[in-house]
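*Asks:*
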Amino acid sequence: MSHKYISTPAYQLVEEFRSDPQKIHDYVDAIYDRIERVEPKVRAYITIRSRDEVHKDVDMLIKSGNYEGPLFGILVAVKDNISTRGIRTTCASKMLENYVPPYDATVIRRLKSAGAIVLGKTNMDEFAMGSTTETSAFYPTRNPWDLSRVPGGSSGGSAAALVAGEATLALGSDTGGSIRNPAAFTATFGLKPTYGLVSRYGLIAYASSMDQIGPLARNTRDLALLLSVIAGYDEHDATSLPVVVPNFVKLLDEYVHREQRLRIAIVKELFERSDISVQSVAGKALDRLCSIHECDEIELRYTKHIVAAYYIIAMAEASSNLARYDGIRYGLKVEVENRSWIDVYTEVRTRGFGYEVKKRIALGAFVLSAGYRDMYYIKALRFRRMLKEMFNEIFKRFDLVASPTMPILPPKLGELVADPIKMYLADINTVIANLIGIPAISVPVGFYNGLPVGLQFMAPPLAEDKLLYVSQQLEDMLKLRDLIAEVS
Amino acid sequence: MSFEIPVKIGLEIHVQITALKTKLFCATKADYRSEEPNTLLCPTCLGLPGALPKVNKKAIEYAIMVAKALNCRIAPKLIFCRKHYFYPDMVKNYQISQYDGPGSTPIASNGFVRIIVDGKPKIVRIRRINLEEDPGRIHYPTGSLLTSKYSLVDYNRSGIALLEIVTEPDIESPREARIFLEKLIAILEYLGVTDTRLEGAFRVDANISVADQARVEIKNIGSIKDVERALTYEILRQKSIIQKGGTVSRETRHWDSSSKVTVPLRIKEFEEDYRYFPDPDLPPITISKEWIEEIEKRMPELPDARIERFVKQYGLDEYRAQVLVLNKWLADLFEEAAKEYNNYKSLADWLITDFLRWVKEFNVDPSRVKATPKHIVKLLKLLDEGLISVRMAKELMPKIVLEGVDVESFVKQHGFSKLSDESELRRVVEEVFREYPRAVEDARRNPKAINFLVGAVMKKTKGRADPQLTIRIIRELLQSQQ
Ligand SMILES: [Zn+2]
Chain F
277 MSHKYISTPA
287 YQLVEEFRSD
297 PQKIHDYVDA
307 IYDRIERVEP
317 KVRAYITIRS
327 RDEVHKDVDM
337 LIKSGNYEGP
347 LFGILVAVKD
357 NISTRGIRTT
367 CASKMLENYV
377 PPYDATVIRR
387 LKSAGAIVLG
397 KTNMDEFAMG
407 STTETSAFYP
417 TRNPWDLSRV
427 PGGSSGGSAA
437 ALVAGEATLA
447 LGSDTGGSIR
457 NPAAFTATFG
467 LKPTYGLVSR
477 YGLIAYASSM
487 DQIGPLARNT
497 RDLALLLSVI
507 AGYDEHDATS
517 LPVVVPNFVK
527 LLDEYVHREQ
537 RLRIAIVKEL
547 FERSDISVQS
557 VAGKALDRLC
567 SIHECDEIEL
577 RYTKHIVAAY
587 YIIAMAEASS
597 NLARYDGIRY
607 GLKVEVENRS
617 WIDVYTEVRT
627 RGFGYEVKKR
637 IALGAFVLSA
647 GYRDMYYIKA
657 LRFRRMLKEM
667 FNEIFKRFDL
677 VASPTMPILP
687 PKLGELVADP
697 IKMYLADINT
707 VIANLIGIPA
717 ISVPVGFYNG
727 LPVGLQFMAP
737 PLAEDKLLYV
747 SQQLEDMLKL
757 RDLIAEVS
Chain W
2 MSFEIPVKIG
12 LEIHVQITAL
22 KTKLFCATKA
32 DYRSEEPNTL
42 LCPTCLGLPG
52 ALPKVNKKAI
62 EYAIMVAKAL
72 NCRIAPKLIF
82 CRKHYFYPDM
92 VKNYQISQYD
102 GPGSTPIASN
112 GFVRIIVDGK
122 PKIVRIRRIN
132 LEEDPGRIHY
142 PTGSLLTSKY
152 SLVDYNRSGI
162 ALLEIVTEPD
172 IESPREARIF
182 LEKLIAILEY
192 LGVTDTRLEG
202 AFRVDANISV
212 ADQARVEIKN
222 IGSIKDVERA
232 LTYEILRQKS
242 IIQKGGTVSR
252 ETRHWDSSSK
262 VTVPLRIKEF
272 EEDYRYFPDP
282 DLPPITISKE
292 WIEEIEKRMP
302 ELPDARIERF
312 VKQYGLDEYR
322 AQVLVLNKWL
332 ADLFEEAAKE
342 YNNYKSLADW
352 LITDFLRWVK
362 EFNVDPSRVK
372 ATPKHIVKLL
382 KLLDEGLISV
392 RMAKELMPKI
402 VLEGVDVESF
412 VKQHGFSKLS
422 DESELRRVVE
432 EVFREYPRAV
442 EDARRNPKAI
452 NFLVGAVMKK
462 TKGRADPQLT
472 IRIIRELLQS
482 QQ
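Quick note, the sequences are listed as chains F and W, same order.
Position 381, counted from 1, in the first sequence is what my numbering calls 657; the numbers after and before it change by one each time, with no gaps.
Position 228, counted from 1, in the second sequence is what my numbering calls 229; the numbers after and before it change by one each time, with no gaps.
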């Protein structure tokens, strides 16, 4: 499917808009028309701003005269755990159903000053806890390629919105794969930046030591463009890295021009653990890439501990981060008069949180409690350090580490939530990057029976440029770019 | 007393770093005392979803100063931890603090404070110092938790930088606790870290065990006087339980400052599980030797050093030096006055006994004392020159303290100067002789009885009579009339 504006890359739209800013209005209408057609089936959004409001934003943008913004006039879908001033931010939870932040997250401020316009807030797993967008308290999002299947998660709404043609760019957040997983399931590009490269200020925390906001796009160049806008030091985030962020688009051109040969490690076990369907599609793409780069198989030890360590740390931090939701200052309101605060808190948290969230809070509180802390939490931290050292060693010999993004094809709705162990284990390939703070990307590499397959690459800290480089090469080879699903 | 029941007291002191302009983890204004409720807020100190803490570096520097002044070992790394407990005054339902356990450490530990009890030096050990955030404040519309249908919370205080200073149980009496706290407050005042007179800036929890029985915690005592009172009450209460053959149970009690008793708060059956873990939002901060040295260079003279200097420089005894120094404003006044008046001992005595007494009697905030060093010097010089009597000087003191009256002009205006005119005084003495013939008789027989006549003269002159001159005239008259 190709329709003017719907599938056009952001970098091309920006050029067009600069020469004729009034075209932004036509573009807005095209996207809104598309949303009206497909959104009832896909349900990618929780909140969509009104067409009129967005047109007014466009007028203001044009009046400001700032045509040089790198995202001039581009409509961006934002995951609903990123605070947007004046736009309801729910985290797909009853707890925050009516919460309207009084401030913008740093990434939103950056988007706005780059000339981008927030179009709406996308569906997700409640508080980003899930891999399918099914734990949303409101409704699940459907995979635009096959409406009986999930789009992945937890940033499922952002990925689905892109591939359904309901936005040009999208922001997600990735704590254990939440950008890369839906990117793989929807044939979009998704990047989880180095921990600290993008400010977390305004991102509603799930597991603070692993959460990162990142870009989703329908081609590599757009991905690089969006990353360049959102990345950079922020004094409001103490974990933000004080580094000068390069222009990733320029870097990308330089790499492609130089045709630098990279050393790529292929994690044998992560391939072998994947479904045959995934192995065959991902393997073929990797073979083509290995014809121009230097590839070698490596073995990864202790793989069975990776998922356990990840969930212990994530749940421990979640139990702490979600303690603040008590309905007193914001969030779900219940009757308070003549009741003890413990009663009030209990009712708020019982009614406000869904099952998956409650489960993770309870398990997180358990692994931090006296007597179990050393057995679980401290042990997991120790494993995390060990894993980091293992990868430090790997990156002495290799530039990138490759594996399938997801070991499975997009499952049917209800399939994974019915089998939580399978669901957690499906995260094995993606959680590594979050545990050790390195960047990783998911690139679409093909379809199996009409269902998308993604390939993941991990790189050492701050080597996003190399990730974008292989992504661009695969995109050029496979021509899987600017894809829009029919939605039927 | 031949048999003393041993008492062990440990204190946990919470001190707000009132010297800071902003809160501990955000740029919100810190001075909340004259503001409307819930007006000093930002996403961070209100704990909004997605907001992150950012450490106020000055707060760390003040904490290091205090740690140095309390002779503590400073941690090479400051690691903030989350301490979890649900309570409506806590915006995140966890408090960012430090923790003495695996993965964390207090910012400072193993310090001590020197005090003097009954002339003997004593050491009170400091177990640890934490740098943490203050919660908000809960307000009960009826004044009581039990009778209010709802409660109100003011989060203006939320996120104010707080130092938690914990002592070892080295204190053995309520009086010792007071002496220790006075010294501690003086140190904090010298450092300029906190103004402990501000409401809520200084709060104490006390742990006390009598005769090695269970430890009882008394929560939230707001002043030094109340610490002494609460501990005295608690010792009496526990002693009477023990004397009746009972045992003291481990519990937390609340000090009711209006009825001056402690009341049970809740029975502590188990240690609350705070589920501490390092705050992932705040990477560890390295406290380098160079940083500490640089901070030390900026530290002012501390009480112990100043006491030592007062003894050497002004020849004061340690007791006087200590009383002056522990009241910093008084010590400052002393040093200013000492530039123009060199009878240091007399100056110190006047300041300690009379001046300080009036300040305390009228409960004047030292910053509102009107007297300047010049006032004091003038008064003492008039006294030395014999122009006023000691009694007059004593009477003038409150006027100087409260109104800052100029001694010289006041004395002139009110005829307050000493009556040393011999002929005038002789007339008064003759009058007294006529009025009290019996007393004159007595005085002739017994020289000691002269005091009655002197007293009568003083009464008639309202104390203005020069005592030496009066005695001489009386003796002369007694002899001449014989
Ligand atoms: Zn604030």
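Note that CB positions come from ideal geometry on N, CA and C, so glycine has one too.
Remember, it's a predicted structure, so these values are computed and weren't measured experimentally.
Taking the Cβ atom as the reference point for each residue, do F/L447 and F/S430 lie within a distance shorter than 8 angstroms?
*Replies:* Taking the first sequence and counting its residues from 1, the one referred to as residue 447 of chain F is at position 171. Taking the first sequence and counting its residues from 1, the one referred to as residue 430 of chain F is at position 154. Their beta carbons are not under 8 angstroms apart, which means F/L447 does not touch F/S430 by this criterion.
*Asks:* Would you kindly check if the distance between the Cβ of F/R313 and the Cβ of F/Y766 is under 8 angstroms?
*Replies:* Because chain F here runs from 277 to 764, residue 766 of chain F falls outside it and cannot be looked at.
*Asks:* State yes or no: is the C-beta of W/T40 nearer than 7 angstroms to some heavy atom of ligand 1?
*Replies:* Numbered from 1 along the second sequence, position 39 holds the residue referred to as residue 40 of chain W. Result no, Cβ not under 7 angstroms from ligand 1.
*Asks:* Which residues count as close to ligand 1 when the rule is a CB under 5 angstroms from any of its heavy atoms, in chain order?
*Replies:* With the cut-off at 5 angstroms, the residues found are W/C27, W/T29, W/C43, W/T45, W/C46.
*Asks:* Using 8 angstroms for Cβ pairs, my map puts W/A444 next to W/L479. What's the rounded Cβ distance?
*Replies:* In the second sequence, counting from the first residue as 1, residue 444 of chain W sits at position 443. In the second sequence, counting from the first residue as 1, residue 479 of chain W sits at position 478. Contact flag correct, Cβ pair sits at about 6 angstroms.
*Asks:* Whole angstroms is fine: what's the gap from W/V217's alpha carbon to W/E5's?
*Replies:* The residue labelled residue 217 of chain W in the question sits at position 216 within the second sequence. The residue labelled residue 5 of chain W in the question sits at position 4 within the second sequence. Straight-line Cα distance between these residues: approximately 19 angstroms.
*Asks:* Taking the alpha carbon of F/N419 as the reference point, which residue from F/G406, F/S389, F/R325, F/K688 has its own alpha carbon closest?
*Replies:* Taking the first residue of the first sequence as 1, we reach residue 419 of chain F at position 143. Answer by Cα proximity: F/K688.
*Asks:* Tell me whether the segment 536 to 552 of chain F and the segment 507 to 521 of chain F touch, counting them as touching only if at least three CB pairs, one residue from each stretch, are closer than 8 angstroms.
*Replies:* Too few Cβ pairs lie closer than 8 angstroms, so no.
*Asks:* Are any of the Cβ atoms in chain W nearer than 8 angstroms to that of F/S369?
*Replies:* Counted from its first residue, the first sequence places residue 369 of chain F at position 93. Answer no: the Cβ-Cβ gap between F/S369 and chain W never drops below 8 angstroms.
*Asks:* Establish whether the CB of F/T411 and some CB of chain C are separated by less than 8 angstroms.
*Replies:* Although the question refers to chain C, the structure presented lacks it and instead comprises the protein chains F and W.
*Asks:* Taking the alpha-carbon positions, what's the W/E200 to W/E229 distance?
*Replies:* Taking the second sequence and counting its residues from 1, the one referred to as residue 200 of chain W is at position 199. Taking the second sequence and counting its residues from 1, the one referred to as residue 229 of chain W is at position 228. Their Cα atoms are separated by approximately 18 angstroms.
*Asks:* Looking at the secondary structure, which residues open and close the alpha helix (DSSP H) in which W/Q323 lies?
*Replies:* Residue 323 of chain W sits at position 322 when you count from the first residue of the second sequence. Start and end: 319 to 327.
*Asks:* Under the rule that 16 or more other beta-carbon atoms within 10 Å means buried, what is F/S278, buried or exposed?
*Replies:* By 1-based counting over the first sequence, the position of residue 278 of chain F is 2. Summary for F/S278: the model assigns pLDDT 48, below 50, so the residue's position carries little reliability; its value from the coordinates is reported in the next sentence. Answer is exposed; the Cβ neighbour count stays below 16.
*Asks:* I'd like to know whether the C-beta of F/Y621 is nearer than 8 angstroms to at least one C-beta of chain W.
*Replies:* For the purposes of this step, residue 621 of chain F is identified with residue 345 of the first sequence, where counting begins at 1. Chain W, which has a Cβ nearer than 8 angstroms to the Cβ of F/Y621, makes this yes.
*Asks:* Closer than 8 angstroms is the cut-off here; do at least three beta carbon pairs connect the segment 390 to 406 of chain W with the segment 350 to 362 of chain W?
*Replies:* Short answer: they touch.
*Asks:* Output yes or no for whether 8 angstroms exceeds the beta carbon distance between F/L639 and F/I582.
*Replies:* Working through the first sequence from its first residue, we reach residue 639 of chain F at position 363. Working through the first sequence from its first residue, we reach residue 582 of chain F at position 306. The answer is no: Cβ separation not under 8 angstroms.
*Asks:* At a Cβ threshold of 8 angstroms, is F/R476 touching chain W?
*Replies:* Sequence index remark: in the first sequence, residue 476 of chain F carries index 200 (1-based). Yes, because at least one Cβ of chain W sits closer than 8 angstroms to the Cβ of F/R476.
*Asks:* Here's a check: name, in chain order, each residue in its chain whose Cβ is nearer than 6 angstroms to the Cβ of W/Q239, leaving out the five neighbours to either side.
*Replies:* For the purposes of this step, residue 239 of chain W is identified with residue 238 of the second sequence, where counting begins at 1. Within the same chain, W/Q239 has close Cβ partners V211, V249.
*Asks:* For W/V412, which of W/R428, W/E423, W/E404, W/A394 has the nearest alpha-carbon?
*Replies:* As a working mapping, residue 412 of chain W is identified with position 411 in the second sequence. Residue W/A394 is the option with its Cα nearest to W/V412.
*Asks:* Would you give the residue range spanned by the beta strand (DSSP E) that W/V211 belongs to?
*Replies:* In the second sequence, counting from the first residue as 1, residue 211 of chain W sits at position 210. Segment 203 to 211, the beta strand (DSSP E) holding W/V211.
*Asks:* Please report the residue range of the beta strand (DSSP E) in which F/G490 lies.
*Replies:* On the first sequence, position 214 is the one that residue 490 of chain F refers to. It spans 488 to 493 - the beta strand (DSSP E) in which F/G490 sits, taken as one unbroken run.
*Asks:* Ordered along the chain, which non-local residues of its own chain (more than five positions away) have a Cβ less than 7 angstroms from that of F/Y621?
*Replies:* Here residue 621 of chain F is taken as the residue at index 345 of the first sequence, counted from 1. So the list reads D602, once near-sequence residues are dropped.
*Asks:* Against chain F, with Cβ distances strictly below 8 angstroms, would W/K400 count as a contact?
*Replies:* Counted from its first residue, the second sequence places residue 400 of chain W at position 399. Output row for W/K400: interface = no.
*Asks:* With a threshold of 6 angstroms on Cβ separation, who are the neighbours of F/T408 within its own chain once the five nearest residues in sequence on each side are excluded?
*Replies:* Indexing the first sequence from 1 puts residue 408 of chain F at position 132. Answer for F/T408: V426, G429, L692, listed in chain order.
*Asks:* Closer than 8 angstroms is the cut-off here; do at least three beta carbon pairs connect the segment 326 to 341 of chain F with the segment 368 to 375 of chain F?
*Replies:* With a cut-off of 8 angstroms, the segment 368 to 375 of chain F and the segment 326 to 341 of chain F do not count as touching, because too few Cβ pairs lie within range.
*Asks:* F/V612 versus chain W: which residues are under 8 angstroms apart at the beta carbon?
*Replies:* In the first sequence, the residue the question calls residue 612 of chain F occupies position 336. Result: Y151.
*Asks:* Only counting the same chain, and skipping five residues up and downstream in sequence, which positions put a Cβ closer than 7 angstroms to that of F/A561?
*Replies:* As a working mapping, residue 561 of chain F is identified with position 285 in the first sequence. So the qualifying residues of the chain are V721, G722, L731, L750, L754.
*Asks:* My guess is that F/T365 and F/K397 are in contact by the Cβ rule of under 8 angstroms, so how many angstroms apart are they, rounded?
*Replies:* Translated into the one-based positions of the first sequence, residue 365 of chain F becomes position 89. Translated into the one-based positions of the first sequence, residue 397 of chain F becomes position 121. About 6 angstroms; that satisfies the 8 angstroms criterion.
*Asks:* Mind checking whether F/G466 and F/G432 have CB atoms under 8 angstroms apart?
*Replies:* Within the first sequence, numbered from 1, the residue matching residue 466 of chain F stands at position 190. Within the first sequence, numbered from 1, the residue matching residue 432 of chain F stands at position 156. No, Cβ-Cβ distance for F/G466 and F/G432 is not below 8 angstroms.
*Asks:* Assuming W/A76 and W/I288 form a contact by the criterion Cβ under 8 angstroms, report the distance between their Cβ atoms to the nearest whole angstrom.
*Replies:* Taking the second sequence and counting its residues from 1, the one referred to as residue 76 of chain W is at position 75. Taking the second sequence and counting its residues from 1, the one referred to as residue 288 of chain W is at position 287. Right, the Cβ-Cβ distance comes to about 7 angstroms (below 8 angstroms), so this counts as a contact.
*Asks:* If you pair each beta-carbon of the segment 62 to 79 of chain W with each one of the segment 88 to 96 of chain W, do three or more pairs fall below 8 angstroms?
*Replies:* As far as the Cβ criterion goes, the segment 62 to 79 of chain W does not touch the segment 88 to 96 of chain W, which means the pair count is below three.
*Asks:* Output, in chain order, the set of chain W residues within a Cβ distance shorter than 8 angstroms of F/H512.
*Replies:* Along the first sequence, one-based indexing puts residue 512 of chain F at 236. Per Cβ cutoff of 8 angstroms: L53, K55.
*Asks:* Among the residues of its own chain, which have a CB less than 7 angstroms from the CB of F/F642, if the five just before and after it don't count?
*Replies:* The sequence position of residue 642 of chain F within the first sequence is 366, counting from 1. Around F/F642: Y648.
*Asks:* Quick check: W/Q96 and W/K84, are their CB atoms within less than 8 angstroms of each other?
*Replies:* Translated into positions along the second sequence, residue 96 of chain W becomes position 95. Translated into positions along the second sequence, residue 84 of chain W becomes position 83. Their beta carbons are under 8 angstroms apart, which means W/Q96 touches W/K84 by this criterion.
*Asks:* Reducing DSSP to helix, strand and coil, say where F/V396 ends up.
*Replies:* Position 120 of the first sequence, counted from the first residue, corresponds to residue 396 of chain F. The question names Val, but residue 396 of chain F is Gly in the sequence shown. In this structure, F/G396 counts as strand in the three-state DSSP scheme.
*Asks:* Per DSSP, what are the beta-bridge partners of F/G722 in this structure?
*Replies:* As a first step, residue 722 of chain F must be located in the first sequence, where it is residue number 446. For F/G722, which the question treats as bridged, DSSP gives the partners F/V729.
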